[in-house]
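Colleague:
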Amino acid sequence: MPPLYPLCLLLSFLAQGFLAQVEQRNVTVYVSLGGQAEFILHMTPSGCRETEGICYVYTWNKNIKSIAKFKGQNRTCRNDYQNRCKGYKNGSLLLSNISTEDSGYYHVDLHNITGVLVAKFWFLLQIQDPVSKPMVNYSCLEDGKIQVSCSVQNGTDPKYSWTKEGISLMENCTYSQNGICTILMTSQVLREVICIVKNQISENISHSINVSCLDPVSKPMVNYSCLEDGKIQVSCSVQNGTDPKYSWTKEGMSLMENCTYSQNGICTILMTSQVLREVICIVKNQISENISHSINVSCLGPECLNHCIMKSAIGGSVVFLVTGLALILGCLCTMPKE
């Protein structure tokens, strides 16, 4: 016997009306409490072709309980389903006002015009609570990381995802016992962080938050000392502030000198000029900026000071003599002539 003969014989029987039964299992339908559930038939078995692609009888059941029977134009719903059941031409079923008792397995039997069962389709109805608006919290860890968590008060089987500045984050959640999703971020500053939560029937997003684990910089303090080589050592420090960056201005002009940092983070620069006016220290980090009071600095030596004092004294004496001479001449000019 040729190897393809049995297959050809089977196809011949099918063509003459010997029908093979089609069975599809467990199409899950998700719905909220009080909502509508649609049990949609997406295919028509070949055994229904003689009736213009529509099977003659559709019988719907929940487990062993009869729900509806659709036969041609007669689409009848049984007993307590009458006021919330609707049938469609292709045999699909709509149930409204869903309650918790409606969850479970459903199946529909499709019969052709001769009464032969040609197909059976199974559905699983699952009721879900829609997810509520997510709440986002964060905490700063000792290792410099940020722990960000997201939770919802309501919602069946919530799925979490994150965005930062509109870009999806690939970090996976670590879930606590109460279902809170937590991720760890290495950056100390996060902007526009959003948590998205969804399930099969709903989706909700949190408010956008900005996260920082940095301390703002405090007001800078400036000190100076005069060195033996005639230079001025100027230092700037802050009591508070994560990762401070320092810069300087003198009389409104930026200084290009680089800081030399001590162990406690004080920024020190050396200036060759012996007189500095309007010196200001600017300190900033990623979240804040602060400036010092303006100071004037002088490191003139004692010889220079004595010289300046002598010049001032001589200048004062000259002024005194000139003023006195002017007064004498004025008096002589105003005396009456004899």
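Numbered as in full-length UniProt numbering, the sequence shown ends at 338 without a single skipped number. Using N, Cα and C, we set each Cβ at its ideal position, and we do this for glycine too. Note that the structure is a prediction, hence the values are computed from the model and not measured.
(1) What is the residue span of the beta strand (DSSP E) that Y138 lies within?
(2) When DSSP builds the beta bridges, which residues end up paired with H107?
(3) Have a look at C55, N63 and S187 and flag the residue whose alpha-carbon is nearest the alpha-carbon of D143.
(4) What did DSSP end up calling N178 once you bin it into helix, strand or coil?
(5) Take E203 as the anchor and find which of L190, K164, V152 and K250 has the nearest alpha-carbon.
(6) Give the range of the beta strand (DSSP E) segment to which N112 is assigned.
(7) CA-CA distance, T174 and L94?
(8) Report the option in V31, M43, S32 and I113 whose CA atom is closest to the CA atom of Y56.
(9) Should S92 and I40 be called a contact, given that it needs their Cβ atoms to be closer than 8 Å?
(10) Which class does T76 belong to by DSSP, given the choice of helix, strand or coil?
(11) Taking the beta carbon of H293 as the centre, do at least 16 other beta carbons fall within 10 Å, making it buried, or is it exposed?
(12) With DSSP as the reference, label Q153 as helix, strand or coil.
(13) Please decide whether L214 counts as near chain B, where near means a Cβ-Cβ distance under 8 Å.
(14) Apply the 10 Å Cβ neighbour rule to G179 and answer buried if 16 or more other Cβ atoms are within range, or exposed otherwise.
(15) If we require 3 or more residues per run, which beta strand (DSSP E) segments fall completely within the UniProt domain "Ig-like" (220-298)?
(16) For I194, tell me which candidate among W162, Y246, T156 and L276 has the shortest Cα-Cα distance.
(17) From which residue to which residue does the beta strand (DSSP E) around K198 run?
(18) How far does the beta strand (DSSP E) with G34 in it reach, from first residue to last?
(19) Is the beta carbon of Q36 closer than 8 Å to that of G98?
(20) Along the chain, where does the beta strand (DSSP E) that runs through L93 open and close?
(21) For C226, I'd like the list of residues in its chain whose CB is within less than 7 Å of its CB, leaving aside the five on either flank, ordered along the chain.
(22) State buried or exposed for M170, treating a residue as buried only when at least 16 other CB atoms are found within 10 Å of its CB.
(23) Report back the beta-carbon spacing between residue 390 and K250 to the nearest angstrom; my notes put them in contact at under 8 Å.
(24) Which value, in whole angstroms, describes the spacing of the CA atoms of N154 and M135?
(25) Could you tell me which of Y105, G34 and E289 sits nearest to Q24, measuring between CA atoms?
(26) Return the CA-CA distance between V283 and I269, expressed in angstroms with no decimal places.
(27) The beta strand (DSSP E) spanning G87 covers which residue range?
(28) Under the assumption that P130 contacts S32 (Cβ atoms under 8 Å), give the Cβ distance between them as a whole number of angstroms.
(29) Output the distance between the C-alpha atoms of K89 and P158, rounded to the nearest integer angstrom.
(30) Go ahead and pull the three-state DSSP assignment for E203.
(31) Using the three-state DSSP reduction, which class does Y160 fall into: helix, strand or coil?
(32) Rounded to a whole number of angstroms, what is the C-alpha to C-alpha distance between I196 and S206?
(33) Look up I146 in the DSSP assignment and give the residues it is bridged to.
(34) What residue range is occupied by the uninterrupted beta strand (DSSP E) comprising S212?
(35) Just to confirm my understanding: we take N240, look at its own chain, exclude 5 residues before and 5 after, and list those with CB closer than 6 Å. What are they?
Modeller: Quick look at the numbers:
(1) Here residue 138 corresponds to residue number 138 of the sequence shown, with the count starting at 1. M135 to C140 is the extent of the beta strand (DSSP E) around Y138.
(2) To locate residue 107, count along the sequence shown from 1; it is residue 107. Paired residue(s): N61 and W122.
(3) In the sequence shown, counting from the first residue as 1, residue 143 sits at position 143. Of the listed residues, the one whose Cα sits closest to D143 is S187.
(4) If you number the sequence shown from 1, residue 178 lands on position 178. In the structure shown, N178 sits in coil (DSSP, three-state: anything other than H, G, I, E or B).
(5) As a first step, residue 203 must be located in the sequence shown, where it is residue number 203. Here the closest residue by C-alpha is V152.
(6) Stepping through the sequence shown from its first residue, residue 112 is reached at position 112. Element bounds for N112: n/a, residue is neither H nor E.
(7) Position 174 of the sequence shown, counting from 1, holds the residue named residue 174. Position 94 of the sequence shown, counting from 1, holds the residue named residue 94. Approximately 39 Å between the Cα atoms of the pair.
(8) Indexing the sequence shown from 1 puts residue 56 at position 56. Comparing Cα-Cα distances from Y56 to each of V31, M43, S32 and I113, the minimum goes to I113.
(9) Residue mapping note: residue 92 aligns to position 92 of the sequence shown, counting from 1. Residue mapping note: residue 40 aligns to position 40 of the sequence shown, counting from 1. Yes. Within cutoff.
(10) For the purposes of this step, residue 76 is taken as residue 76 along the sequence shown, with counting starting at 1. Residue state, collapsed to three classes: strand.
(11) Stepping through the sequence shown from its first residue, residue 293 is reached at position 293. Counting Cβ neighbours within 10 Å, H293 comes out exposed, since fewer than 16 surround it.
(12) Along the sequence shown, one-based indexing puts residue 153 at 153. Residue state, collapsed to three classes: coil.
(13) Absent from the structure: chain B. Only one protein chain is present.
(14) Looking up residue 179 in the sequence shown gives position 179. By the 10 Å Cβ count, G179 comes out exposed.
(15) 221-226, 232-237, 245-250, 267-271, 275-284, 289-291 and 295-298
(16) If you number the sequence shown from 1, residue 194 lands on position 194. It is W162 whose Cα lies nearest to the Cα of I194.
(17) Walking along the sequence shown from the start, residue 198 turns up at place 198. Segment V189 to K198, the beta strand (DSSP E) holding K198.
(18) As a position in the sequence shown, residue 34 is number 34, starting the count at 1. G34 -> no beta strand (DSSP E), and no H or E assigned at all.
(19) Translated into the one-based positions of the sequence shown, residue 98 becomes position 98. Translated into the one-based positions of the sequence shown, residue 36 becomes position 36. Note that residue 98 corresponds to Ile in the displayed sequence, not to Gly. Yes, these two residues count as a Cβ contact at 8 Å.
(20) Sequence index remark: in the sequence shown, residue 93 carries index 93 (1-based). L93 -> beta strand (DSSP E) spans L93 to L95.
(21) For the purposes of this step, residue 226 is taken as residue 226 along the sequence shown, with counting starting at 1. The answer, listed in chain order, is I232 and C299.
(22) Position 170 of the sequence shown, counting from 1, holds the residue named residue 170. Exposed, since its Cβ has fewer than 16 Cβ neighbours within 10 Å.
(23) Nothing about residue 390 can be reported from this structure: the residues present for the chain run from 1 to 338 only.
(24) Here residue 154 refers to the residue found at position 154 when the sequence shown is read from its first residue. Here residue 135 refers to the residue found at position 135 when the sequence shown is read from its first residue. Distance between the alpha carbons of N154 and M135: 11 Å.
(25) Your numbering for residue 24 matches position 24 in the sequence shown. Closest by alpha carbon: Y105.
(26) Counting from one through the sequence shown, the residue named residue 283 turns up at place 283. Counting from one through the sequence shown, the residue named residue 269 turns up at place 269. V283 and I269: Cα-Cα distance of roughly 14 Å.
(27) Residue 87 sits at position 87 when you count from the first residue of the sequence shown. G87 -> beta strand (DSSP E) spans C85 to G87.
(28) If you number the sequence shown from 1, residue 130 lands on position 130. If you number the sequence shown from 1, residue 32 lands on position 32. With 8 Å as the limit, P130 and S32 qualify as a contact, their Cβ atoms being about 6 Å apart.
(29) Translated into positions along the sequence shown, residue 89 becomes position 89. Translated into positions along the sequence shown, residue 158 becomes position 158. When rounded, the distance between both Cα atoms is 36 Å.
(30) Walking along the sequence shown from the start, residue 203 turns up at place 203. Residue state, collapsed to three classes: strand.
(31) Position 160 of the sequence shown holds residue 160. Note: Y160 maps to strand in three-state DSSP.
(32) Counted from its first residue, the sequence shown places residue 196 at position 196. Counted from its first residue, the sequence shown places residue 206 at position 206. Using only the alpha carbons, I get a separation of about 7 Å.
(33) Mapped onto the sequence shown, residue 146 falls at position 146. BP columns for I146 point to C140 and M185.
(34) As a working note, residue 212 is residue 212 in the sequence shown. Run containing S212: I209 to S212, per the beta strand (DSSP E) assignment.
(35) Counted from its first residue, the sequence shown places residue 240 at position 240. Cβ within range, chain order: D215 and S218.
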